[in-house]
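Participant: Sequence lines, in order, name chains A and B. full-length UniProt numbering puts the first residue of the first sequence at 1, with every later residue one more than the last. full-length UniProt numbering puts the first residue of the second sequence at 1, with every later residue one more than the last. Where a beta carbon is used, it is the ideal one built from N, C-alpha and C, also for glycine. Below are the structure tokens for one structure; questions will follow.
Number of protein chains: 2
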Amino acid sequence: MTEPAIKYRLIKKEKHTGARLGEIITPHGTFPTPMFMPVGTQASVKSLAPEELDEMGANIILSNTYHLWLRPGEKLVEEAGGLHQFMNWKKGILTDSGGFQVFSLAKMRDITEQGVHFKSHLSGEKLFLSPEKAIHIQNALGSDIMMSFDECPPFFESYDYIKKSVERTSRWAQRGLEAHLHADRQGLFGIVQGGGHKDLRELSARQLVGMDFPGYSIGGLSVGESKAEMNHVLDFTTPLLPENKPRYLMGVGSADALIDGVIRGVDMFDCVLPTRIARNGTCMTSSGRLVVKNAVYAHDFRPLDEKCDCYTCRNFTRAYIRHLIKADEIFGLRLASYHNLYFLLNLMKNVRQAIMDDNLLEFKESFFEEYGFNAKDARNF
Amino acid sequence: MTEPAIKYRLIKKEKHTGARLGEIITPHGTFPTPMFMPVGTQASVKSLAPEELDEMGANIILSNTYHLWLRPGEKLVEEAGGLHQFMNWKKGILTDSGGFQVFSLAKMRDITEQGVHFKSHLSGEKLFLSPEKAIHIQNALGSDIMMSFDECPPFFESYDYIKKSVERTSRWAQRGLEAHLHADRQGLFGIVQGGGHKDLRELSARQLVGMDFPGYSIGGLSVGESKAEMNHVLDFTTPLLPENKPRYLMGVGSADALIDGVIRGVDMFDCVLPTRIARNGTCMTSSGRLVVKNAVYAHDFRPLDEKCDCYTCRNFTRAYIRHLIKADEIFGLRLASYHNLYFLLNLMKNVRQAIMDDNLLEFKESFFEEYGFNAKDARNF
Chain A
1 MTEPAIKYRL IKKEKHTGAR LGEIITPHGT FPTPMFMPVG TQASVKSLAP EELDEMGANI
61 ILSNTYHLWL RPGEKLVEEA GGLHQFMNWK KGILTDSGGF QVFSLAKMRD ITEQGVHFKS
121 HLSGEKLFLS PEKAIHIQNA LGSDIMMSFD ECPPFFESYD YIKKSVERTS RWAQRGLEAH
181 LHADRQGLFG IVQGGGHKDL RELSARQLVG MDFPGYSIGG LSVGESKAEM NHVLDFTTPL
241 LPENKPRYLM GVGSADALID GVIRGVDMFD CVLPTRIARN GTCMTSSGRL VVKNAVYAHD
301 FRPLDEKCDC YTCRNFTRAY IRHLIKADEI FGLRLASYHN LYFLLNLMKN VRQAIMDDNL
361 LEFKESFFEE YGFNAKDARN F
Chain B
1 MTEPAIKYRL IKKEKHTGAR LGEIITPHGT FPTPMFMPVG TQASVKSLAP EELDEMGANI
61 ILSNTYHLWL RPGEKLVEEA GGLHQFMNWK KGILTDSGGF QVFSLAKMRD ITEQGVHFKS
121 HLSGEKLFLS PEKAIHIQNA LGSDIMMSFD ECPPFFESYD YIKKSVERTS RWAQRGLEAH
181 LHADRQGLFG IVQGGGHKDL RELSARQLVG MDFPGYSIGG LSVGESKAEM NHVLDFTTPL
241 LPENKPRYLM GVGSADALID GVIRGVDMFD CVLPTRIARN GTCMTSSGRL VVKNAVYAHD
301 FRPLDEKCDC YTCRNFTRAY IRHLIKADEI FGLRLASYHN LYFLLNLMKN VRQAIMDDNL
361 LEFKESFFEE YGFNAKDARN F
């Protein structure tokens, strides 16, 4: 039996919550968890250089299988020596399965047991993605952590539909496992679905855990449900997952949701939020969101966040960044993107320390208070 | 009498041409000449950080008075502590006078002896720029080198018009000199105009040199005339300028034109060309222009320029940069911009060495040959 490509080592459980401190060992380095992963959709974290990601403390980034399959094509990436070499990133890479994009971006999709027929959002070309194809694309990309091909139905889809979908996702996971070409150097995760239903999450987890994946993702959240609903689902889902494997909550990146996810035992997160909102000048700061484009910052010569020591905050003012973004200068969104990613990576560093110190709930309380975040709010940043 | 803010030190003349090696001493450092200046129109060299400009060997950058006057406004920049502090750039800054943009970008202009009435290209607002106003804006920006307010008529405008324009530009230069508030810390250059007419260039140079500026710009070139015509004008214009002052050829940035300008005694150049062409994937290389977006580079895993040791060429391939630019990823134009600016800065470094070695003509010949540049070509890159 081959050694799995991805291993999880549990270092410590927090005393008062489900939070855990650990590390994930990958072919491209070991990183501490809980961890946030910046998103580099098209083999680039928008506007940033690999050295900058490294410098801000990113240890693993996410790239999108669907996008890279369409452009430049996984064969080209393979010919380049894999995604790490193509984009000159020496640390970890996680790829998704393409499933989420097929369901959210592509047009005219037709779901069959075999896979999904759909039209490219770029060219309109007819395409087909199956569990096997999704795995083989990821094999060609050479990511450290791969995702099984799954269906991610809307949270409020009918119980019957979600049940059928969960069962098909399990069959697809099994097919993906069998199609996987490089289990020795790429770890394939199963994705637990089941919407808001406890029994369906149990069904999904039981079936996937039975296949013994090296890690488990929690899918189907952050798709329209409330913050409270998401936390509720996590409350009964993470305990279904084995303690000796990493747990990844897909597509979640608001500061409060990260902390609440960690409290419920999640180890990994990703989201486009920090870079997406940066592009219109919205910045995450220790005292809440700051829309630097607003007129009130025109003459404000303080850094984005006075408590932040990132490159942006050490060197540039709100007034300058506002000017750049108002004037459509790329360097403005580059500075805001750097800051937002740093903010979340640094938050996770503080969260790990709080787990170590067994005071995560106190940390959450003071963070939320300073952030101006009301626990009853929706989780929209 | 105050010490001038800008001084030129002639180090050596090349034996076989008019080229000269020197250095310019500014309040923000001393830099060797001949030198190319990257353009940061709106207080940012598009997509690049100050540290990157420093690392690639840029010692002085150009910023545009017209753009900064309109947005964010020179008073805001002054309040920030000046342009250096606003954009966190510790080395030299040169600002133009706004004249060129008023004549090229603005609408419905009306030129009077007092100044120019026109409409903002951004808001349509009615504005007025005079020699005094152009100087006071630059005083507020706090650049190291400032430009007199001039008119830059089309190269093929009538002799009579250009003659009247030259005389008015001289009167404007005198008014600017008198309006200048900080001669001790900002050096104001006069701009020699006169189109393609030797006697008008002589007239312009004589009048301006009589006002004893700390440096002289050559304007009205690179505005539609041929390469041969530009060189011809330089042939009779640079000898009209004092040897102990720097000479700046405005708006010229193609590799061949830089070399030909140096041969005729020019010390400083600026142009948006390297960053502008980078944005559509056109790269300057030692073997000529390379349009990296072209399909032929899809599987090309070599650097942009195999002889280049810049950050881009040390770390990324043509295939990757092509992918980024095709996919509208900002990091692609960032990499191409870095490379193009490095290419010109490095070219000037080699040119300075060739002046030192008295073999500039041999250098030109071998550069042009490798570059695939036919001396009879138009100077369009």
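Give the single residue among 146(B), 124(B), 121(B) whose Cα lies nearest to the Cα of residue 132(B).
Facilitator: Against the second sequence, residue 132(B) aligns to sequence position 132. Of 146(B), 124(B), 121(B), the residue nearest in Cα terms is 146(B).
Participant: So with CB distances below 9 Å, who are the chain A contacts of residue 371(B)?
Facilitator: On the second sequence, residue 371(B) is found 371 positions in, with the first residue counted as 1. Correct list: empty, because the minimum Cβ distance to chain A is about 28 Å.
Participant: Would you say residue 38(A) lies against chain B (beta-carbon separation less than 7 Å)?
Facilitator: For the purposes of this step, residue 38(A) is identified with residue 38 of the first sequence, where counting begins at 1. No - not a single Cβ of chain B is within 7 Å of the one on residue 38(A).
Participant: Strictly below 7 Å CB to CB, what residues from chain B border residue 232(A)?
Facilitator: If you number the first sequence from 1, residue 232(A) lands on position 232. Going along chain B, no residue has its Cβ under 7 Å from residue 232(A), so there is no contact; the nearest lies around 38 Å.
Participant: Mind listing which residues of the stretch 78–96 of chain A have their C-beta closer than 7 Å to chain B's C-betas, in chain order?
Facilitator: For the stretch 78–96 of chain A, which is checked against every Cβ of chain B, the residues closer than 7 Å are 79, 80, 86, 87, 88.
Participant: Just list the residues that DSSP pairs residue 314(B) with in beta bridges.
Facilitator: Within the second sequence, residue 314(B) is the residue found at index 314, counting from 1. None, per the DSSP bridge assignment.
Participant: Along chain A, in chain order, which residues have C-beta atoms closer than 7 Å to that of residue 330(B)?
Facilitator: By one-based count along the second sequence, residue 330(B) stands at place 330. Within 7 Å Cβ-Cβ: 46, 47, 330.
Participant: In whole angstroms, what is the alpha-carbon distance linking residue 201(A) and residue 248(A)?
Facilitator: Mapped onto the first sequence, residue 201(A) falls at position 201. Mapped onto the first sequence, residue 248(A) falls at position 248. So the alpha carbons of these two residues sit roughly 15 Å apart.
Participant: From which residue to which residue does the alpha helix (DSSP H) around residue 407(A) run?
Facilitator: Residue 407(A) falls outside the range modelled here, since chain A spans only 1 to 381, and no answer is possible.
Participant: Output needed for residue 376(A): all residues of its chain with C-beta closer than 7 Å, excluding positions within five of it in sequence on either side, in chain order.
Facilitator: Mapped onto the first sequence, residue 376(A) falls at position 376. Any reading at residue 376(A) is ruled out, since the residue's pLDDT is 48, under 50, leaving its predicted position unreliable.
Participant: According to DSSP, residue 268(A) sits in a beta bridge with which residue or residues?
Facilitator: Along the first sequence, one-based indexing puts residue 268(A) at 268. Looking at the DSSP assignment, residue 268(A) forms a beta bridge with 35(A), 248(A).
Participant: Work out the CA separation of residue 345(B) and residue 380(B) for me, nearest whole Å.
Facilitator: Position 380 of the second sequence, counting from 1, holds the residue named residue 380(B). Position 345 of the second sequence, counting from 1, holds the residue named residue 345(B). Residue confidence for residue 380(B) is low, a pLDDT of 40 falling below 50, so the modelled location carries little weight; the figure read from the coordinates is stated next. Their Cα atoms are separated by approximately 19 Å.
Participant: Return the residue from the list 256(B), 58(B), 88(B) that minimises the CA-CA distance to residue 369(B).
Facilitator: Sequence index remark: in the second sequence, residue 369(B) carries index 369 (1-based). Of the candidates 256(B), 58(B), 88(B), the one whose C-alpha sits nearest the C-alpha of residue 369(B) is 256(B).
Participant: With respect to 6 Å, is the separation between the Cβ of residue 17(B) and the closest non-hydrogen atom of the ligand GTP below this value?
Facilitator: As for the ligand GTP, it is missing from this structure, which has no ligand bound.
Participant: Which residues mark the beginning and the end of the alpha helix (DSSP H) in which residue 168(A) is found?
Facilitator: In the first sequence, counting from the first residue as 1, residue 168(A) sits at position 168. Looking at the DSSP string, the run of the alpha helix (DSSP H) that includes residue 168(A) is 159–179.
Participant: Taking Cβ positions only, does residue 339(B) come closer than 7 Å to chain A?
Facilitator: Here residue 339(B) refers to the residue found at position 339 of the second sequence. By this cut-off, residue 339(B) is not an interface position.
Participant: Check the Cβ-Cβ distances between residue 344(A) and every residue of chain B, and say whether any is below 7 Å.
Facilitator: Here residue 344(A) refers to the residue found at position 344 when the first sequence is read from its first residue. Answer no: the Cβ-Cβ gap between residue 344(A) and chain B never drops below 7 Å.
Participant: Between the stretch 314–325 of chain B and chain A, which residues of the former have CB atoms less than 9 Å from a CB of the latter, in chain order?
Facilitator: Against chain A - using a Cβ distance shorter than 9 Å - the residues of the stretch 314–325 of chain B are 315, 316, 317, 319, 320, 322, 323, 324.
Participant: Can you tell me whether DSSP reads residue 225(B) as helix, strand or coil?
Facilitator: In the second sequence, the residue the question calls residue 225(B) occupies position 225. In the structure shown, residue 225(B) sits in coil (DSSP, three-state: anything other than H, G, I, E or B).
Participant: Among 306(B), 33(B), 278(B), 64(B), which has the Cα closest to the Cα of residue 57(B)?
Facilitator: The count along the second sequence starts at 1 and reaches residue 57(B) at position 57. Of 306(B), 33(B), 278(B), 64(B), the residue nearest in Cα terms is 33(B).
Participant: Any beta-carbon of chain A closer than 7 Å to the one on residue 303(B)?
Facilitator: Numbered from 1 along the second sequence, position 303 holds the residue referred to as residue 303(B). Answer no: the Cβ-Cβ gap between residue 303(B) and chain A never drops below 7 Å.
Participant: I'd like the list of long-range same chain contacts for residue 25(B), defined as Cβ closer than 6 Å, with 5 residues on each side in sequence excluded.
Facilitator: Reading the second sequence from its first residue, position 25 is the one you call residue 25(B). Counting only Cβ-Cβ distances below 6 Å, and skipping sequence neighbours, we find 7.
Participant: Any beta-carbon of chain A closer than 7 Å to the one on residue 71(B)?
Facilitator: For the purposes of this step, residue 71(B) is taken as residue 71 along the second sequence, with counting starting at 1. With 7 Å as the cut-off, residue 71(B) counts as an interface residue toward chain A.
Participant: At the level of alpha carbons, what is the spacing between residue 143(A) and residue 93(A)?
Facilitator: Locating residue 143(A) in the first sequence gives position 143, where the first residue counts as 1. Locating residue 93(A) in the first sequence gives position 93, where the first residue counts as 1. Residue 143(A) and residue 93(A): Cα-Cα distance of roughly 5 Å.
Participant: By the criterion of Cβ-Cβ separation under 9 Å, what are the contact partners of residue 117(A) in chain B?
Facilitator: As a first step, residue 117(A) is located in the first sequence; it is residue number 117 there, counting from the start. Going along chain B, no residue has its Cβ under 9 Å from residue 117(A), so there is no contact; the nearest lies around 24 Å.
Participant: Of all the beta strand (DSSP E) runs that stay within the bounds of the stretch 72–126 of chain B, which reach a length of 3 or more residues?
Facilitator: Listed in chain order, they are 92–95, 107–111, 116–119.
Participant: May I have the straight-line CA-CA distance separating residue 360(B) from residue 55(B), to the nearest angstrom?
Facilitator: In the second sequence, the residue the question calls residue 360(B) occupies position 360. In the second sequence, the residue the question calls residue 55(B) occupies position 55. If I take the Cα positions, the gap works out to 26 Å.
Participant: Leaving aside the five residues before and after residue 378(A) along the sequence, list all residues of the same chain whose C-beta is less than 7 Å from its C-beta, in chain order.
Facilitator: Mapped onto the first sequence, residue 378(A) falls at position 378. Any reading at residue 378(A) needs caution, since the residue's pLDDT is 41, under 50, leaving its predicted position unreliable; the model's value is listed next. Once the five neighbours on either side are set aside, the close Cβ partners of residue 378(A) are 226, 227.
Participant: Counting only beta-carbon separations shorter than 7 Å, does residue 42(B) have a partner in chain A?
Facilitator: As a first step, residue 42(B) is located in the second sequence; it is residue number 42 there, counting from the start. It does: the Cβ of residue 42(B) has a partner Cβ on chain A nearer than 7 Å.
Participant: What's the C-alpha gap between residue 73(A) and residue 183(A)?
Facilitator: Taking the first residue of the first sequence as 1, we reach residue 73(A) at position 73. Taking the first residue of the first sequence as 1, we reach residue 183(A) at position 183. Between residue 73(A) and residue 183(A), the C-alpha separation is close to 22 Å.
Participant: For residue 22(A), I'd like the list of residues in its chain whose CB is within less than 7 Å of its CB, leaving aside the five on either flank, ordered along the chain.
Facilitator: Position 22 of the first sequence, counted from the start, is the residue given in the question as residue 22(A). Excluding positions up to five away in sequence, the list reads 8, 9, 10, 11, 33, 267.
Participant: Might you give, ordered along the chain, the residues of its own chain that have their beta carbon closer than 7 Å to the beta carbon of residue 154(A), omitting 5 neighbours on each side?
Facilitator: For this step, residue 154(A) is matched to residue 154 along the first sequence. So the list reads 223, 224, once near-sequence residues are dropped.
Participant: Verify the CB distance criterion: does residue 327(B) have a CB-CB separation below 7 Å to chain A?
Facilitator: Within the second sequence, the letter at position 327 stands for residue 327(B). Yes, contact with chain A.
Participant: When DSSP builds the beta bridges, which residues end up paired with residue 26(A)?
Facilitator: Mapped onto the first sequence, residue 26(A) falls at position 26. Bridge partners of residue 26(A): 29(A).
Participant: If you compare alpha carbons, which of 190(A), 160(A), 215(A), 332(A) is closest to residue 171(A)?
Facilitator: On the first sequence, residue 171(A) is found 171 positions in, with the first residue counted as 1. The candidate whose alpha carbon is nearest that of residue 171(A) is 190(A).
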